[in-house]
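Novice:
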Amino acid sequence: MSSSRLRVIDSHTEGEPTRVVIEGGPSLGTGTVAEMARRLREEHDWLRSAVCNEPRGHEAMVGALLVEPHEPGCCCGVIFFNNVSTLNMCIHGTIGLAVTLAHLGRIGPGEHRIDTPVGVVVAHLHTDGSVTVANVPSYRLATEVPVEVPGWGTVRGDISWGGNWFFLIEGQGPAVEFANLEALTAFTWSVRQSLEAQGITGANGMEIDHIESFGPPSDPKLADSRNFVLCPGKAYDRSPCGTGTSAKLASLHAAGKLKPGEIWRQASILDTVFEGSVEELPDGKVLPRVKGCAWVNGESVYFFDPSDPFRHGIPA
Ligand code: PYC
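Residue numbers (my numbering): 1 to 316.
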């Protein structure tokens, strides 16, 4: 059943929007944040669609619902979602959430544990307003995995976990430039469909729902690499994608190309930059840290007039 009102705060992180629902969300009961995310998907999908889809949202919008944390010592729990479903994790969204909570006076500079469906992350709000997120443990599952892509032949990539599953491609497909947005979208969408058709998955059969293509940076003084990230709902990430940057860091580390503590600067297709590094964990995984900036840029109250056919959004 939908609410009569929702209050949201908008921000963008290096170009990618985050819309935090701060009042009016449904009660998702108790349990882990993963269980609450399942209830959001199965019983309250109207909220996701009302917040992210047109007419209030658009294809790139990422929503964030604040929930009670399950893990000890967390300031909040959060469920991220987009135009098609919930997300396992979202770093640009966590940076946006931290800046939003600071805007509301609910947190100040320092470290804040945040409970998510895939584990606890730590957002460090710096005094200059930037935010570093210590992500969930990340790793490369497989490298040089071939997938047959119609029109493109054999495309090879790494399968890595950075809080979401990514297929990472380097130097194949259209050049990673803003002028090629449409071609990059078509290419990465074909890769995603081919992975699915050929039964290529992340661990435990989890779908690889983010495709990331890398090319050289526009300026080596700005970044080490530029990416194009296709999100699950076919929108491209306007930011360098924090979970995608984490997956890249895990892949680089596994390939012996990134030492612990070394800084990797990942530019987005818009040339905005996240800085990342890894810490080695005893189990062979890495703990990525990703730093970026977000700006609060709006606040709204949503109404749900029963006569409005699109009060719950237009399905994407
Ligand atoms: O920054 O992790 C991220 C992200 C995931 C999807 C969109 N942004």
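Built from N, CA and C at the ideal position, the CB exists for glycine as well.
Going by other Cβ atoms of all chains shown within 10 Å of its Cβ, with 16 needed for buried, is Ile-263 buried or exposed?
Specialist: On the sequence shown, residue 263 is found 263 positions in, with the first residue counted as 1. Exposed, by the Cβ-count rule.
Novice: For the ligand PYC, any of its heavy atoms closer than 6 angstroms to the Cβ of Cys-241?
Specialist: The residue you call residue 241 lines up with position 241 of the sequence shown. Under cutoff, so the answer is yes.
Novice: Could you check whether Ser-85 and Ser-246 sit closer than 7 angstroms to each other, using their CB atoms as the reference points?
Specialist: In the sequence shown, counting from the first residue as 1, residue 246 sits at position 246. In the sequence shown, counting from the first residue as 1, residue 85 sits at position 85. No, these two residues do not count as a Cβ contact at 7 angstroms.
Novice: In three-state terms, what does DSSP make of Asn-204?
Specialist: The count along the sequence shown starts at 1 and reaches residue 204 at position 204. Looking at Asn-204 - three-state DSSP - the assignment turns out to be helix.
Novice: Would you be able to state if there are at least three C-beta pairs under 8 angstroms between the stretch 95-114 and the stretch 250-261?
Specialist: Touching, no.
Novice: Pull up the DSSP beta-bridge partners for Gln-193, would you.
Specialist: Residue 193 sits at position 193 when you count from the first residue of the sequence shown. Answer is none; Gln-193 lacks a bridge partner.
Novice: Given that a residue counts as buried once 16 or more other Cβ atoms are within 10 Å of its Cβ, and exposed if not, what is Trp-165?
Specialist: Locating residue 165 in the sequence shown gives position 165, where the first residue counts as 1. Buried, because 16 or more other Cβ atoms sit within 10 Å of the Cβ of Trp-165.
Novice: What are the partner residues of Glu-18, as DSSP defines its beta bridges?
Specialist: Stepping through the sequence shown from its first residue, residue 18 is reached at position 18. Per the sequence shown, residue 18 should be read as Thr rather than Glu. Answer is Ser-11 and Val-62.
Novice: Please determine, among Val-176, His-103, Asn-135 and Glu-212, the residue with the shortest C-alpha to C-alpha distance to Gly-157.
Specialist: Here the question's residue 157 lines up with position 157 in the sequence shown. Of the listed residues, the one whose Cα sits closest to Gly-157 is Glu-212.
Novice: Are the beta-carbon atoms of Arg-5 and Met-61 separated by less than 7 angstroms?
Specialist: Position 5 of the sequence shown holds residue 5. Position 61 of the sequence shown holds residue 61. No.
Novice: Using the C-alpha atoms, what's the distance from Glu-71 back to Glu-35?
Specialist: Within the sequence shown, residue 35 is the residue found at index 35, counting from 1. Within the sequence shown, residue 71 is the residue found at index 71, counting from 1. Taking the straight line joining both Cα atoms gives about 13 angstroms.
Novice: Say the cut is 6 angstroms; is the CB of Ile-330 nearer than that to a heavy atom of the ligand PYC?
Specialist: The displayed coordinates of the chain run from 1 to 316. Any statement about residue 330 would go beyond what the structure contains.
Novice: What is the rounded straight-line gap between the Cα of Val-136 and the Cα of Asn-88?
Specialist: Here residue 136 refers to the residue found at position 136 when the sequence shown is read from its first residue. Here residue 88 refers to the residue found at position 88 when the sequence shown is read from its first residue. For Val-136 and Asn-88, the distance between alpha carbons rounds to 11 angstroms.
Novice: Within this structure, are the beta carbons of Ala-183 and Arg-226 separated by less than 7 angstroms?
Specialist: Taking the first residue of the sequence shown as 1, we reach residue 183 at position 183. Taking the first residue of the sequence shown as 1, we reach residue 226 at position 226. No, Cβ-Cβ distance for Ala-183 and Arg-226 is not below 7 angstroms.
Novice: Pick out whichever of Thr-188, Val-67 and Thr-132 has its Cα sitting closest to the Cα of Cys-293.
Specialist: One-based indexing of the sequence shown puts residue 293 at position 293. Of Thr-188, Val-67 and Thr-132, the residue nearest in Cα terms is Thr-132.
Novice: How about Asp-237: is its Cβ closer than 6 angstroms to a heavy atom in the ligand PYC?
Specialist: Here residue 237 corresponds to residue number 237 of the sequence shown, with the count starting at 1. Checking every heavy atom of the ligand PYC against the Cβ of Asp-237, one is found closer than 6 angstroms.
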